[in-house]
Structures are given as structure tokens and as C-alpha cells.
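Asks: Take any residue in the sequence shown, count from 1 to its spot, add 1424: that is its number in the working numbering.
Sharing a structure, written as C-alpha cells. Questions coming.
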Amino acid sequence: LGAEVVGADASATNIEVARLHAAEVGVTVDYRATTAEDLADAGEKFDVILNMEVVEHVADIDLFLAKCGAMLKPGGIMFVATINRTLKALGLAIIGAEYVLRWLPRGTHQFGKLVRPDELEKALAGAGLTIIDRTGVTYN
1425 LGAEVVGADA SATNIEVARL HAAEVGVTVD YRATTAEDLA DAGEKFDVIL NMEVVEHVAD
1485 IDLFLAKCGA MLKPGGIMFV ATINRTLKAL GLAIIGAEYV LRWLPRGTHQ FGKLVRPDEL
1545 EKALAGAGLT IIDRTGVTYN
């Protein structure tokens, strides 16, 4: 479609894995081992920002979302997906995925860092961002 894609992760290991995957499937992505905060401070601007399963891992969600908002071009849009802090998420996403099925390394998620929808909305509003839509997804 002609998009220029930048993939960022604070973990250099994750970036190396992503680069290998991109090479395997034949796509061009500008992968960078950096943080959203550093990208924003460098003046980077984007039409679309995808924060998929990220906010539950950052140290300061308010700062992170403010910096992401600063990187949006006028008319830009940001998508955010995260795990809701519920007992179901504790059972499925943490105990099930990390400890029973071992799909993820143990300790990938901390229950207290999972973000409830109302908390995310408050953080987005605090960053000066407008929510267009909110949709929940449940695996069955």
C-alpha cells in the first residue's frame, strides 16, 4: 500500500527477532530499538500509531501516551490495545499463557500493571487525545 512503517521497541532483542521475521516474510520495516519517548523527543511524526499490547509494560503510562500523542501528525490516529485488569485476565493471560501453556516468558505481565478501560480513557484524555471508539475483545 506504499506505507513507510517504523517498528519500535525498547528491547533490542525484540527488535532483532522482528527483523528476522520481516526478512522471512519479505516486508520492509524500519525497526528501531528505542522508546516512544525518545522518538517523540527526536521530533518523529506519524499518521498512524499502533500501541498493541504496550501500555501494560511502560513505567509511566501518562508520559508514554502524551509522547505518542505528540508524535501524531494532524489528523493522525492512534490505536491502543491492552489487557484489562480482571480476574479472567489474571487466569488466562498471566497464569494460563505464561505459567501453564508457556506461550510467553514468565513475568511478562504483572497483574497490577494491566490497565482497566476507565484508566486508559483517563490517561488518553490527560494526554489531550480524543477517544473515537472503544471496543472490547474476549477470547472464547
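Glycine included, every Cβ here is placed at the ideal spot set by N, Cα and C.
Look at I1485 and A1432 and say whether their C-beta atoms are less than 8 Å apart.
Replies: Locating residue 1485 in the sequence shown gives position 61, where the first residue counts as 1. Locating residue 1432 in the sequence shown gives position 8, where the first residue counts as 1. It is not a contact, given that the beta carbons lie outside the stated cut-off.
Asks: Is it true that the segment 1519-1527 meets the segment 1485-1494, where meeting means three or more beta-carbon pairs spaced less than 8 Å apart?
Replies: Cβ pair count under 8 Å is below three, so no.
Asks: Return yes when the Cβ of L1553 is within less than 8 Å of the Cβ of M1476, no when it is not.
Replies: Against the sequence shown, residue 1476 aligns to sequence position 52. Against the sequence shown, residue 1553 aligns to sequence position 129. Taking 8 Å as the Cβ cut-off, M1476 and L1553 do not qualify as a contacting pair.
Asks: Between K1497, W1527 and H1533, which has its C-alpha nearest L1514's C-alpha?
Replies: Translated into the one-based positions of the sequence shown, residue 1514 becomes position 90. The candidate whose alpha carbon is nearest that of L1514 is H1533.
Asks: Please give me, in chain order, every unbroken run of the alpha helix (DSSP H) with length at least 4 that falls completely inside the segment 1483-1522.
Replies: Segments of the alpha helix (DSSP H) lying fully in the segment 1483-1522: 1485-1495.
Asks: How long is the line joining the alpha carbons of L1511 and V1441, rounded to whole angstroms?
Replies: Translated into positions along the sequence shown, residue 1511 becomes position 87. Translated into positions along the sequence shown, residue 1441 becomes position 17. The straight-line gap from Cα to Cα measures roughly 31 Å.
Asks: Between the beta-carbon of F1470 and the beta-carbon of G1499, is there less than 8 Å?
Replies: As a first step, residue 1470 is located in the sequence shown; it is residue number 46 there, counting from the start. As a first step, residue 1499 is located in the sequence shown; it is residue number 75 there, counting from the start. No, the Cβ-Cβ distance between F1470 and G1499 is not below 8 Å.
Asks: Comparing C-alpha positions only, which one of A1505, G1467 and A1483 sits nearest to K1497?
Replies: Here residue 1497 corresponds to residue number 73 of the sequence shown, with the count starting at 1. When each option's Cα is compared against that of K1497, the closest is G1467.
Asks: Can L1528 and I1507 be called in contact, C-beta distance under 8 Å?
Replies: As a working mapping, residue 1528 is identified with position 104 in the sequence shown. As a working mapping, residue 1507 is identified with position 83 in the sequence shown. Not closer than 8 Å, so no.
Asks: Excluding five sequence neighbours on each side, which residues of the same chain lie with their C-beta closer than 6 Å to the C-beta of A1446?
Replies: On the sequence shown, position 22 is the one that residue 1446 refers to. Closer than 6 Å at the Cβ level, and outside the excluded window around A1446, lie V1453.
Asks: Which two residues bound the contiguous beta strand (DSSP E) that contains R1456?
Replies: For the purposes of this step, residue 1456 is taken as residue 32 along the sequence shown, with counting starting at 1. Segment D1454 to A1457, the beta strand (DSSP E) holding R1456.
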